[in-house]
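Below is one structure, written out as structure tokens, with a few remarks after it.
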Amino acid sequence: MLPRNFFDQTLNELQCMLHGKGKEAYRAGQIYKWAYQKSVYDFSLMTNISKSFRAELPQLLNFPLPKIKKRDQSQDGTQKFLIELGDNMTVESVLIPSEGRLTLCTSSEVGCNFGCNFCFTAKKLMKRRLTAGEIVAQYLLISNLLKKEERISNIVFMGMGEPLDNPDGVFRAIEIFTCDQGIGFPRKKITISTVGISRLIPKVTEARVGLTVSLNGVNDTVRSRLMPINKRWPITGLMDACRRHTQISGDKVTLSYVIIKGLTDSLQDAKELFLLTRHIPCKINIIPYNPFPGSPFERPSEERVMEFHKQLQDLGAQVLYRRSKGADILAACGQLSG
Ligand code: SF4
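Numbering-wise (the numbering used here), the sequence shown opens with residue 2 and increments by one.
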């Protein structure tokens with residue numbers, strides 16, 4: 002039997018596997034600590050495990066990390082990594098520094114089938130879903146490059162692919178990220194950003210992580226034009242799913258809204274956006290459209306974005322507007338292509 006990829010195994014799975022081989026289950030926690038807390042990926046160096054067992058372990062498990070093929074740095078400090086997977090396919094991950102935070106934006110699929118018109122990733126159809134191990138590997142590869150005093154503080158599933166189209170990979174990766182005997186990443190610092198597959202939002206609630214929903218249109222006509230998924234999961238049901246998430250989790254949902262010149266940028270749009278969301282505990286994250294090569298839309302003026310922002314604020318909405326980072330290296334929202 003071929004060795005299994007260690008990074009794909011939750012602690013529980015590893016315990017069961019070792020138990021099935023007649024070994025003590027607690028050894029799984031020891032291996033987790035070596036790999037995730039000390040970055041030791043060589044069994045011969047795991048000195049609290051007996052020599053004879055260390056010699057057996059390579060037949061059971063291996064540590065196949067993908068490679069960083071390219072690293073770009075934006076003028077604003079954002080870094081984009083092109084990561085080559087074991088089968089030579091590539092995805093991108095982005096590391097975004099901001100006041101007191103270092104956010105890792107991870108990919109969950111190679112390409113994407115959802116066809117959002119404002120997104121560069123949509124130009125490449127989905128080739129495959131990432132495994133949990135490949136998602137965890139993005140974090141490890143980039144963490145291992147950081148200076149001693151730096152630490153990834155937030156993880157967002159906002160890179161290439163729709164995370165809820167890959168629930169097995171994404172939720173298993175979250176289990177691995179948050180395991181206390183390994184990385185021990187706080188759940189509240191992990192966010193799933195979805196195009197709005199309403200049926201699966203309860204899984205985000207159950208995983209106790211943050212939820213961001215890509216809204217982008219104030220009615221079904223505009224939203225369906227921008228995001229074909231809206232025909233399957235229209236706005237009313239999506240808003241209900243968001244409301245249920247906030248009721249059960251006690252957290253606000255973030256609703257992201259891409260402002261596109263002449264399409265979603267009018268002050269009437271801002272008013273309708275407020276009316277649509279006012280009964281949901283939420284923050285509205287406005288993102289001026291980030292163009293990409295051959296993109297069909299235009300970015301609104303900064304002045305229009307500020308007017309939109311003010312209109313929402315004056316109506317009483319909680320609005321976030323952080324200037325997009327990494328646009329000069331095509332690393333901003335909607336610009337990843339792998
Ligand atoms: S916005 Fe997300 S779901 Fe839509 S095409 Fe881009 S990667 Fe896919």
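Don't be surprised by glycine CBs; every beta carbon is placed ideally from N, CA and C.
Since the model is a prediction, treat every value here as computed from it, not as a measurement.
Item                                                                                                                                                                                : Value
How is the alpha helix (DSSP H) around R224 delimited, first residue to last?                                                                                                       : 221-227
From the DSSP secondary-structure annotation, give me the bridge partner or partners of R5.                                                                                         : L62
Drop a sphere of 10 angstroms on the beta-carbon of K326, count the other beta-carbons inside from all chains shown, and report buried for 16 or more, exposed for fewer.           : buried
Between which two residues does the beta strand (DSSP E) harbouring G170 extend?                                                                                                    : Careful: G170 lies outside any beta strand (DSSP E), inside the alpha helix (DSSP H) at 168-179.
Please work out which residues of its chain come closer than 7 Å, Cβ to Cβ, to P4, disregarding the five sequence neighbours upstream and downstream, and give them in chain order. : P59, Q60, L61, L62, N63
Using a Cβ-based criterion (distance less than 7 Å to any ligand heavy atom), does T122 qualify as near the ligand SF4?                                                             : yes
I'd like to know if the region 270-289 and the region 229-249 are in contact, where contact means that at least 3 CB-CB pairs between them fall below 8 Å.                          : yes
Say yes only if the C-beta of M90 is nearer than 7 Å to one or more non-hydrogen atoms of the ligand SF4, and no if none qualify.                                                   : no
Closest to I32 by C-alpha separation, out of T48, G23, G21, K22, would be which residue?                                                                                            : T48
I need the boundaries of the beta strand (DSSP E) containing S257, first residue and last residue.                                                                                  : 254-260
Among F186, L96, N286, K22, which one has its Cα closest to the Cα of L216?                                                                                                         : N286
Would you say V259 touches the ligand SF4, meaning its beta carbon is less than 7 Å from a heavy atom?                                                                              : no
Is Q74 helix, strand or coil by DSSP?                                                                                                                                               : strand
Output the boundary residues of the beta strand (DSSP E) element that contains F158.                                                                                                : 155-158
Do you know how far the Cα of R72 is from the Cα of S108?                                                                                                                           : 16 Å
Which complete alpha helix (DSSP H) runs does the region 260-297 hold, if anything under 4 residues is left out?                                                                    : 268-278
Given 7 Å as the limit, tell me if S17 has its C-beta closer than that to any heavy atom belonging to the ligand SF4.                                                               : The sequence shown places Cys at residue 17, rather than the Ser named in the question. No - the ligand SF4 has no heavy atom lying nearer than 7 Å to the Cβ of C17.
In the structure shown, what three-state DSSP assignment does K81 receive?                                                                                                          : strand
Among the residues of its own chain, which have a CB less than 7 Å from the CB of L358, if the five just before and after it don't count?                                           : This structure does not reach residue 358, given that the chain is present from 2 up to 339, and the question cannot be answered.
Check K22 in the structure and name its three-state DSSP category.                                                                                                                  : coil
Spatial neighbours of T79 within its chain, please: CB distance less than 6 Å, with the 5 preceding and 5 following residues excluded, ordered by chain position.                   : I97, K326, G327, A332
Give the secondary structure of I50 by DSSP, where H, G and I count as helix, E and B as strand, and everything else as coil.                                                       : coil
Once you ignore the five residues that flank L321 on each side, which residues in its own chain have a CB closer than 8 Å to its CB?                                                : T255, K284, I285, N286, I287
Can you give me the start and stop residues for the beta strand (DSSP E) that E349 sits inside?                                                                                     : Any answer about residue 349 is impossible in this case: the structure gives the chain only from 2 up to 339.
Does the Cβ of V196 lie closer than 7 Å to at least one heavy atom of the ligand SF4?                                                                                               : yes
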